[in-house]
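Residue numbers (this note's numbering): 9 to 280.
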């Protein structure tokens, strides 16, 4: 849900948005929201206002789910993003339905819709942990790279809670993706999920895993380990654990060496 600086800051659209929802017309509401932006992109603060309007109306769960289904039947980005916002409050009570929605949207052709889907799955994982993590374990080893990537991002969202009892299970969840050959998955794993979040939420547990993973001969695993230390938070951890990059530097494969150099550059920048 990317904001655009050139879209109107007016809230003239908001009463029309609310009237459409009150009339049971989510597509009309979505059309109004879309027109508040530019070229299909809606400002984040407009989405925030839309969420507040939905909460004021207070639709019942079955109404929320019906609206979401109607919106997802249409190809526009804003329709699908609004569908996610409408159903997100049901993460704890209707996790089965929301998992299906997340599964569907995580495979969408529009990258912004996939972002919304990953955020939704992260919310479901956080709110319905025990019921959701077995499903995500299945997806992360499945054939669809977009779905595998959504699981990784969902795990990152769940890691933000910093619940200590979740540390090992979340690390176990993302571990199968370390060997993933898809660039789309890799870029969201080592430098993003691990290097940007896991090292902050669970520094000790993550460091222990990185030291274990670095011994795996698979070059994708080693790339992810090195690139986890190329993110700002990861580089701070790397300053305290030079042994990881020292070990990986002995790998003569260009793919791994490039990741090691990227991490070393970031660590030097922090030290300067």
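Ideal placement from N, C-alpha and C gives every residue a C-beta, glycine not left out.
Which residues bound the alpha helix (DSSP H) around residue i?
{"i": "residue 55", "result": "52–65"}
{"i": "residue 202", "result": "Residue 202 -> no alpha helix (DSSP H), and no H or E assigned at all."}
{"i": "residue 20", "result": "Segment: none, residue 20 is in no alpha helix (DSSP H) and carries neither H nor E."}
{"i": "residue 87", "result": "85–95"}
{"i": "residue 136", "result": "Residue 136 -> no alpha helix (DSSP H), and no H or E assigned at all."}
{"i": "residue 251", "result": "250–256"}
{"i": "residue 191", "result": "191–196"}
Just verifying my parser: in three-state terms, what is the DSSP assignment at residue i?
{"i": "residue 46", "result": "strand"}
{"i": "residue 171", "result": "coil"}
{"i": "residue 222", "result": "coil"}
{"i": "residue 78", "result": "helix"}
{"i": "residue 215", "result": "helix"}
{"i": "residue 272", "result": "helix"}
{"i": "residue 277", "result": "helix"}
{"i": "residue 101", "result": "coil"}
{"i": "residue 162", "result": "helix"}
{"i": "residue 151", "result": "coil"}
{"i": "residue 237", "result": "coil"}
{"i": "residue 230", "result": "helix"}
{"i": "residue 68", "result": "coil"}
{"i": "residue 244", "result": "helix"}
{"i": "residue 111", "result": "helix"}
{"i": "residue 266", "result": "helix"}
Using beta-carbon positions only, say whether residue i and residue j come within less than 9 Å of one another.
{"i": "residue 94", "j": "residue 34", "result": "yes"}
{"i": "residue 293", "j": "residue 230", "result": "The requested residue 293 does not occur in the structure, where the chain is confined to residues 9 to 280."}
{"i": "residue 240", "j": "residue 212", "result": "no"}
{"i": "residue 147", "j": "residue 159", "result": "yes"}
{"i": "residue 274", "j": "residue 243", "result": "yes"}
{"i": "residue 64", "j": "residue 26", "result": "yes"}
{"i": "residue 236", "j": "residue 266", "result": "no"}
{"i": "residue 155", "j": "residue 140", "result": "no"}
{"i": "residue 144", "j": "residue 125", "result": "no"}
{"i": "residue 71", "j": "residue 42", "result": "no"}
{"i": "residue 157", "j": "residue 190", "result": "yes"}
{"i": "residue 67", "j": "residue 29", "result": "yes"}
{"i": "residue 246", "j": "residue 270", "result": "no"}
{"i": "residue 167", "j": "residue 209", "result": "yes"}
{"i": "residue 223", "j": "residue 255", "result": "yes"}
{"i": "residue 253", "j": "residue 234", "result": "yes"}
{"i": "residue 4", "j": "residue 153", "result": "Missing from the structure shown is residue 4; the chain here goes from 9 to 280 and no further."}
{"i": "residue 82", "j": "residue 18", "result": "no"}
Are there three or more Cβ pairs, one per stretch, closer than 8 Å when the stretch 43–60 is compared with the stretch 89–104? yes
The stretch 128–137 / the stretch 92–111 touching (three or more Cβ pairs under 8 Å): yes
Does the stretch 209–227 come into contact with the stretch 177–184, if we say contact requires no fewer than three beta-carbon pairs (one atom in each stretch) closer than 8 Å? yes
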